[in-house]
Amino acid sequence: LDPAMAGDEPVAEPERRAAEPDQPAPRVTDILGHEGLIEPDGVEPPEGWAEPGDITRDPLDFPAGRDLRLQALARGDEGFLLALGYSTQRGYGRTHPFVGEIRIGLVEIEVELPELGFPITIGRARVTECQMVAQFCAPEGEDARFTRGYGLVFGQSERKAMAMSLVDRALRADEFGEERRAPAQDEEFVLAHCDNVASTGFVEHLKLPHYVDFQAELHLLRQLNAERAGDAETSDGESTTPRAEAAE
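So the sequence shown is residues 1 to 248, counted in the UniProt record's numbering.
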């Protein structure tokens, strides 16, 4: 025991140091990129970037580009994406993934006002980004290299970002000449059912009355059973008549 601790001695002030400014941190996947072991990320084509689509303004059509697919996945239901991402790891999607990097941070939200002619920052939002290192391929005439899956979601949600990156890689099957054999590789199946607003509304609308639909099917069911019963009676009558004549 230390008798000095029984007293009420003053505690020395902790040393204070100025906070160090944030420094840009290189991406982990850039290390592989410098060695040519992973596909390039965001290399601008000679003709420049094409204007990305916007699923909030135009209806989603198929086949959809990767820009539209990523938008739909970012808005998609986490549970749905998690199930599909899990399925790719169990053999339904050819991913065999490794998490390259997960980042969480704040990004500035900019809008461009027509009367000003330049973008202004209106706030910041927290996002989670995941770079998934996935199944390698060997493009024609090039060395083999890893492929990528990408996930970017609002808030701090590592699980959804990882699931999104797994599904993104699975949906790139055509790009790498892979056969689409699993649900996670079918873009129409994935994108048409990942919206939790649409799926929730469509399922819960079954609580509303469906009198006309039910009455129509009920009438059809009774009619089919009645016709079947009538056919059975006719068949029985035809089968007993020859037997009676033969007995006479």
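Backbone N, C-alpha and C fix where the C-beta goes; we use that ideal spot for every residue, glycine too.
Please read all numbers here as calculations on a predicted model, not as lab measurements.
| Asked | Found |
| --- | --- |
| C-beta atoms of I122 and I104 nearer than 9 Å | no |
| Residues of its chain near F189, where Cβ-Cβ distance is below 6 Å and the 5 sequence neighbours each way are ignored | P183 |
| Contact belief for M5 with L81 at Cβ below 8 Å, rounded distance in angstroms | So it is not a contact: roughly 55 Å between Cβ atoms. |
| Contacts around P119, its chain only, beta-carbon distance under 8 Å, and the 5 residues preceding and following it disregarded | E110, V111 and E112 |
| Straight-line Cα distance separating F62 from L68 | 10 Å |
| 6 Å Cβ shell around A173 - same chain, five flanking residues per side excluded | R180 and Q185 |
| Contained alpha helix (DSSP H) runs [length at least 4] in the stretch 70-154, N- to C-terminal order | 78-89 |
| Complete alpha helix (DSSP H) runs within the stretch 170-238 (minimum length 4 residues, chain order) | 187-193 and 196-204 |
| I31 - partner residues in DSSP beta bridges | DSSP lists no partner for I31. |
| Own chain residues within Cβ distance below 7 Å of C194, not counting five before or after | A72, L73, G76, D77, F80 and L81 |
| C-alpha distance - A125 paired with L116, whole-angstrom precision | 23 Å |
| Length of the line joining the Cα atoms of T128 and M162 | 9 Å |
| Helix, strand or coil at M164 [DSSP, three-state] | helix |
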